[in-house]
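In our numbering, the protein residues as written are 2 to 159.
Ideal Cβ positions, reconstructed from N, Cα and C, are used throughout, including at glycine.
Okay, structure first, notes after.
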């Protein structure tokens, strides 16, 4: 994995959720490795809600061909493409656009339950509304995440 890229995964089995924070410069190889490691985590269970925080991620190395390759990877690697509710937290227009491109390339095959937003509260509310029919419990970022010291963002990625 590239030294300019890091991510942290917090799995909460009781709440059936995963929170992923990615920081740095993302390559196609990093993207595939991160996705696979999250879904292959021993604590992961199919259908867990996922919140991907990519607000501090630089996607400038990724091309449309890379995104097609990533969608193919997700569909062919049997890594748990399931009916999970997935919220993606972005901070820049190009991040939003790249996520919408992935969503569009996977339409009809990947989970249609994907929401892209700039607001963490909106993302959590969206997941709660969708999960209300499945599980009558609240889903939220545990306090331990906000207390945790995340890796510093390299200056060229702010």
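Output the distance between the C-alpha atoms of residue 20 and residue 54, rounded to the nearest integer angstrom. Here residue 20 is taken as the residue at index 19 of the chain shown, counted from 1. Here residue 54 is taken as the residue at index 53 of the chain shown, counted from 1. Our two residues, residue 20 and residue 54, have alpha carbons roughly 8 Å apart in a direct line.
Can the beta-carbon of residue 62 be found less than 8 Å from the beta-carbon of residue 99? Here residue 62 corresponds to residue number 61 of the chain shown, with the count starting at 1. Here residue 99 corresponds to residue number 98 of the chain shown, with the count starting at 1. Remark: C-beta atoms of residue 62 and residue 99 do not approach each other more closely than 8 Å.
Just to confirm, are residue 23 and residue 35 a CB contact at a threshold of 8 Å? Translated into the one-based positions of the chain shown, residue 23 becomes position 22. Translated into the one-based positions of the chain shown, residue 35 becomes position 34. Against a cut-off of 8 Å, the Cβ pair of residue 35 and residue 23 comes out as a contact.
May I have the straight-line CA-CA distance separating residue 107 from residue 117, to the nearest angstrom? The count along the chain shown starts at 1 and reaches residue 107 at position 106. The count along the chain shown starts at 1 and reaches residue 117 at position 116. So the two alpha carbons sit approximately 15 Å from each other.
Should residue 133 go down as buried or exposed, given a rule of 16 or more other Cβ atoms within 10 Å for buried? Stepping through the chain shown from its first residue, residue 133 is reached at position 132. The residue is exposed, with fewer than 16 neighbouring Cβ atoms inside 10 Å.
Extent of the continuous alpha helix (DSSP H) run through residue 131: If you number the chain shown from 1, residue 131 lands on position 130. Per DSSP, residue 131 belongs to the alpha helix (DSSP H) from 121 to 133.
DSSP state of residue 47, grouped into three classes? The residue labelled residue 47 in the question sits at position 46 within the chain shown. It is coil, neither helix nor strand.
Option nearest residue 29 by Cα separation, candidates 101, 10, 122 and 72: Your numbering for residue 29 matches position 28 in the chain shown. For residue 29, the closest of 101, 10, 122 and 72 by C-alpha to C-alpha distance is 72.
Beta-ladder partner(s) of residue 8, from DSSP: Position 7 of the chain shown, counted from the start, is the residue given in the question as residue 8. DSSP, once it has assigned bridges, lists 23 as partnering residue 8.
DSSP three-state call for residue 63: helix, strand or coil? Your numbering for residue 63 matches position 62 in the chain shown. It is coil, neither helix nor strand.
In chain order, what residues of the same chain have a beta carbon less than 6 Å from the beta carbon of residue 33, not counting five sequence neighbours either side? Looking up residue 33 in the chain shown gives position 32. So the qualifying residues of the chain are 74.
Quick one: what does DSSP say residue 73 is sitting in, helix, strand or coil? The residue labelled residue 73 in the question sits at position 72 within the chain shown. Of the three classes helix, strand and coil, the one that applies to residue 73 here is helix, per DSSP.
Since residue 37 is in the alpha helix (DSSP H), which residue starts that stretch and which ends it? Numbered from 1 along the chain shown, position 36 holds the residue referred to as residue 37. Taken as a continuous stretch (DSSP letters only), the alpha helix (DSSP H) holding residue 37 covers 29 to 40.
Contact defined as beta carbons within less than 8 Å: I believe residue 124 pairs with residue 88. What is the distance between those atoms, to the nearest angstrom? By one-based count along the chain shown, residue 124 stands at place 123. By one-based count along the chain shown, residue 88 stands at place 87. Approximately 4 Å separates the beta-carbon atoms of residue 124 and residue 88; this is inside 8 Å, confirming the contact.
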